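**Student:** Order-wise, the sequence lines are chains Y and W. Residues in the first sequence are numbered from 1 upward in steps of one, following the numbering used here. Residues in the second sequence are numbered from 202 upward in steps of one, following the numbering used here. This structure is in structure tokens; I'll ask about it shortly.
Protein chains: 2
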Amino acid sequence: MTSRPLLPMADQPPAERADAARNREALLRAAVRMVDEGGVATLTMECLAARAGVGKGTVFRRFGSREGLMAQVLDVSERDWQASVLAGPAPLGPGAPPWERLVAFGESRLRTTLLHADLIRAADAHGARSVAAASFMTLHVRHLLTELGVQGDLPLLATALLAPLEVPVLVQQVDVEHLPVERLVAAWVDLASRVVGRGPA
Amino acid sequence: MTSRPLLPMADQPPAERADAARNREALLRAAVRMVDEGGVATLTMECLAARAGVGKGTVFRRFGSREGLMAQVLDVSERDWQASVLAGPAPLGPGAPPWERLVAFGESRLRTTLLHADLIRAADAHGARSVAAASFMTLHVRHLLTELGVQGDLPLLATALLAPLEVPVLVQQVDVEHLPVERLVAAWVDLASRVVGRGPA
DNA sequence: AATGTAAACGGACCACGGTCCGTTTAGTCG
DNA sequence: CGACTAAACGGACCGTGGTCCGTTTACATT
């Protein structure tokens with residue numbers, strides 16, 4: 001028997017090999033570039049591989065699927081946004097009263113979603129939302145609802161508040177029905193105030 | 202110049218040729234069969250063509266895309282459902298007071314969506330909801346809200362009520378989080394009662 | 001019946017996502 | 001430093017959705 005790693009450390013799956021890490025980084029960088037140069041649609045897996053100077057198999061080995069890749073690309077911007085919710089300036093970040101934070105959250109999320117609509121869709125593709133992003137938002141809204149003293153099935157109420165901010169809904173309203181974003185924001189705030197059971201400061 | 206059709210009738214685009222109509226029907230029948238025998242995933246365009254005894258090009262000529270085909274397949278069941286909302290027995294159909302109808306609508310739609318989740322997704326695919334189905338529901342909810350004397354941006358309020366009944370949301374809750382359907386129904390009714398501003402009979 | 005034409009047909013063809021597997025290489029151990 | 005192994009690599013290959021275009025066919029007009 002060969003000896004297992006001398007430092008158990010934890011039993012993290014053995015860690016990534018240096019060349020693998022380099023390739024992942026190169027691919028991700030290339031992907032980001034392609035996306036914001038030509039849009040999501042122009043990024044094909046084969047072409048990305050070529051650009052990054054690796055074989056197609058490598059792309060799939062690193063990211064599993066186009067969807068997985070897109071999720072990583074999205075993560076870059078999404079992480080910033082989450083940070084500003086968690087620790088940015090009020091009213092989106094902490095410091096403001098919960099109702100103001102909720103309103104700020106809704107508007108900010110609505111605009112962000114619209115901005116990255118294509119990417120979010122590509123990262124979602126088959127319909128299984130990236131657990132990470134969704135659960136972050138659910139938790140946050142749930143937390144604010146708690147602070148507001150809302151009674152009821154909080155997890156599901158949070159989901160209900162988040163649902164109208166999903167890509168398909170917003171895209172339909174903005175791109176097909178040509179509703180102005182301000183109206184959507186106002187309607188969402190109205191919805192939130194009904195759910196909370198009283199709103200305006 | 203050749204003479205145009207002798208009976209103008211209306212200027213409907215010349216109407217479908219007999220062979221075309223036959224093929225459309227054969228294809229649709231075959232598609233329905235394949236879907237409820239093997240599930241949505243087993244239906245490939247080429248295979249469908251073969252089954253119906255036509256060329257692949259014909260399938261695309263008739264339905265435009267896989268998505269378009271699926272929309273037609275879905276339409277078969279969806280039409281029945283719409284009929285029962287419009288003219289079926291109360292409380293889903295007319296006759297019951299608006300609040301009871303709204304509750305019945307929510308529960309019925311929730312269960313129906315879950316039942317046809319795959320098909321709805323396949324018919325939606327790129328994310329552009331079939332205008333027909335969506336606008337039917339929006340109109341209906343809007344109508345009920347009006348009857349209930351709800352004030353505000355009705356079209357958007359209706360959308361907000363419909364959003365948590367969308368496939369991705371429900372599938373996430375049921376298949377990933379394993380929440381029981383009854384709880385989803387209860388939460389939706391709660392949401393509706395908040396939006397309406399008082400609910401229980 | 002013969003003719004003309006717009007529509008329908010079919011299947012070869014293309015692009016893209018995803019898989020497979022034989023080959024190469026990083027990192028480790030003696 | 002040489003040997004060994006698990007991991008990474010790359011590109012040929014496959015299935016599927018979708019397009020294209022030369023050929024066939026329904027129907028109307030004479």
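Just so you know, even glycine gets a beta-carbon here, dropped at the ideal spot from N, CA and C. Small disclaimer: the values here were computed from a predicted structure and weren't measured.
When DSSP builds the beta bridges, which residues end up paired with Y:P94?
**Tutor:** Against the first sequence, residue 94 of chain Y aligns to sequence position 94. Y:A96.
**Student:** Y:L220 touches chain W at which residues, Cβ-Cβ below 7 Å?
**Tutor:** Residue 220 of chain Y lies beyond the residue range present for chain Y, which begins at 1 and ends at 201; the question has no answer from this structure.
**Student:** So within the region 43-123 of chain Y, which uninterrupted alpha helix (DSSP H) runs reach at least 4 residues, ignoring any that extend past its ends?
**Tutor:** Segments of the alpha helix (DSSP H) lying fully in the region 43-123 of chain Y: 45-52, 56-63, 66-87 and 98-115.
**Student:** DSSP three-state label for W:Q352, please.
**Tutor:** Locating residue 352 of chain W in the second sequence gives position 151, where the first residue counts as 1. DSSP places W:Q352 in coil when its eight states are reduced to three.
**Student:** Three-state secondary structure (DSSP) at Y:P180?
**Tutor:** Position 180 of the first sequence holds residue 180 of chain Y. Coil.
**Student:** Compute the Euclidean distance between the alpha carbons of W:A242 and W:V236, then round it to the nearest angstrom.
**Tutor:** Here residue 242 of chain W refers to the residue found at position 41 of the second sequence. Here residue 236 of chain W refers to the residue found at position 35 of the second sequence. Spanning the two alpha carbons is a distance of roughly 8 Å.
**Student:** Tell me whether the beta-carbon of Y:A30 lies closer than 7 Å to the beta-carbon of Y:A50.
**Tutor:** The count along the first sequence starts at 1 and reaches residue 30 of chain Y at position 30. The count along the first sequence starts at 1 and reaches residue 50 of chain Y at position 50. No, the Cβ-Cβ distance between Y:A30 and Y:A50 is not below 7 Å.
**Student:** Going by the CB atoms, is the gap between W:A324 and W:M271 shorter than 7 Å?
**Tutor:** Taking the first residue of the second sequence as 1, we reach residue 271 of chain W at position 70. Taking the first residue of the second sequence as 1, we reach residue 324 of chain W at position 123. Closer than 7 Å, so yes.
**Student:** Is the separation between the beta-carbon of W:R225 and that of W:R267 shorter than 7 Å?
**Tutor:** Stepping through the second sequence from its first residue, residue 225 of chain W is reached at position 24. Stepping through the second sequence from its first residue, residue 267 of chain W is reached at position 66. No, the pair does not count as a contact, with Cβ atoms beyond the cut-off.
**Student:** Are the beta-carbon atoms belonging to Y:V195 and W:R218 less than 7 Å from one another?
**Tutor:** Your numbering for residue 195 of chain Y matches position 195 in the first sequence. Your numbering for residue 218 of chain W matches position 17 in the second sequence. The answer is no: Cβ separation not under 7 Å.
**Student:** Does W:A448 get closer than 7 Å to chain Y when you measure Cβ to Cβ?
**Tutor:** Because chain W spans 202 through 402 in this model, residue 448 of chain W falls outside it and cannot be assessed.
**Student:** Should Y:V169 and W:A326 be called a contact, given that it needs their Cβ atoms to be closer than 7 Å?
**Tutor:** Mapped onto the first sequence, residue 169 of chain Y falls at position 169. Mapped onto the second sequence, residue 326 of chain W falls at position 125. The answer is no: Cβ separation not under 7 Å.
**Student:** Using a Cβ-Cβ distance under 7 Å, would Y:P164 count as near chain W?
**Tutor:** Mapped onto the first sequence, residue 164 of chain Y falls at position 164. Chain W contact via Cβ: present.
**Student:** Would you verify that the beta carbon of W:A361 is, or is not, closer than 7 Å to some beta carbon of chain Y?
**Tutor:** Here residue 361 of chain W refers to the residue found at position 160 when the second sequence is read from its first residue. Yes, W:A361 counts as interfacial toward chain Y.
**Student:** Can you give the beta carbon distance from W:L293 to W:V286, rounded, assuming they're within the 8 Å contact cut?
**Tutor:** To locate residue 293 of chain W, count along the second sequence from 1; it is residue 92. To locate residue 286 of chain W, count along the second sequence from 1; it is residue 85. So it is a contact: roughly 6 Å between Cβ atoms.
**Student:** Thinking C-alpha only, which one of W:L357, W:G296, W:V304 and W:V368 is nearest W:L316?
**Tutor:** Position 115 of the second sequence, counted from the start, is the residue given in the question as residue 316 of chain W. Considering only alpha carbons, the answer is W:V368.
**Student:** Count the other CB atoms within 10 Å of the CB of Y:T159; is the residue buried (16 or more) or exposed (fewer)?
**Tutor:** Reading the first sequence from its first residue, position 159 is the one you call residue 159 of chain Y. Buried, because 16 or more other Cβ atoms sit within 10 Å of the Cβ of Y:T159.
**Student:** Does DSSP put W:P369 in a helix, a strand or coil?
**Tutor:** Mapped onto the second sequence, residue 369 of chain W falls at position 168. Helix at W:P369.
**Student:** Establish whether the CB of W:G296 and some CB of chain Y are separated by less than 7 Å.
**Tutor:** Residue mapping note: residue 296 of chain W aligns to position 95 of the second sequence, counting from 1. With 7 Å as the cut-off, W:G296 does not count as an interface residue toward chain Y.
**Student:** Is W:F306 near the ligand HEM, going by C-beta to nearest heavy atom under 6 Å?
**Tutor:** Among the components modelled here there is no ligand, and therefore nothing to report on the ligand HEM.
**Student:** Checking contacts by CB at 7 Å: is W:D407 closer than that to chain Y?
**Tutor:** This structure does not reach residue 407 of chain W, given that chain W is present from 202 up to 402, and the question cannot be answered.
**Student:** Using beta carbons (cut-off 7 Å, strictly below), is Y:D118 in contact with chain W?
**Tutor:** Mapped onto the first sequence, residue 118 of chain Y falls at position 118. Output row for Y:D118: interface = no.
**Student:** Determine the closest residue to Y:D118 out of Y:L156, Y:G38, Y:D190 and Y:R22, with distance taken between C-alpha atoms.
**Tutor:** Counting from one through the first sequence, the residue named residue 118 of chain Y turns up at place 118. Comparing Cα-Cα distances from Y:D118 to each of Y:L156, Y:G38, Y:D190 and Y:R22, the minimum goes to Y:G38.
**Student:** By a C-beta neighbour count over all protein chains shown, 10 Å radius and 16 as the cutoff for buried, is W:R302 buried or exposed?
**Tutor:** The residue labelled residue 302 of chain W in the question sits at position 101 within the second sequence. Classification for W:R302: buried.
**Student:** Give the interface partners of Y:V40 over in chain W, defined as CB-CB distance under 9 Å, in chain order.
**Tutor:** On the first sequence, position 40 is the one that residue 40 of chain Y refers to. Here the premise fails: no neighbours, minimum Cβ distance about 12 Å.
**Student:** Tell me the rounded alpha-carbon separation between W:P215 and W:P299.
**Tutor:** Residue numbering aside, residue 215 of chain W sits at position 14 when the second sequence is read from its first letter. Residue numbering aside, residue 299 of chain W sits at position 98 when the second sequence is read from its first letter. For W:P215 and W:P299, the distance between alpha carbons rounds to 43 Å.
**Student:** Using three-state DSSP, classify W:H341 as helix, strand or coil.
**Tutor:** Counted from its first residue, the second sequence places residue 341 of chain W at position 140. If DSSP states are grouped into helix, strand and coil, W:H341 belongs with the helices.
**Student:** Any beta carbon of chain Y sitting closer than 7 Å to that of W:D354?
**Tutor:** Taking the second sequence and counting its residues from 1, one reaches residue 354 of chain W at position 153. So, interface residue.
**Student:** Please go through the same chain and pick out, in chain order, the residues whose beta-carbon is closer than 7 Å to the beta-carbon of W:I321, but skip the five residues on each side of it.
**Tutor:** Start at 1 with the first residue of the second sequence, and residue 321 of chain W comes out as number 120. Once the five neighbours on either side are set aside, the close Cβ partners of W:I321 are L275, T314 and V368.
**Student:** If we define contact as Cβ-Cβ less than 7 Å, is W:R223 a contact residue for chain Y?
**Tutor:** Taking the first residue of the second sequence as position 1, residue 223 of chain W is located at position 22. It does not: the Cβ of W:R223 has no partner Cβ on chain Y nearer than 7 Å.
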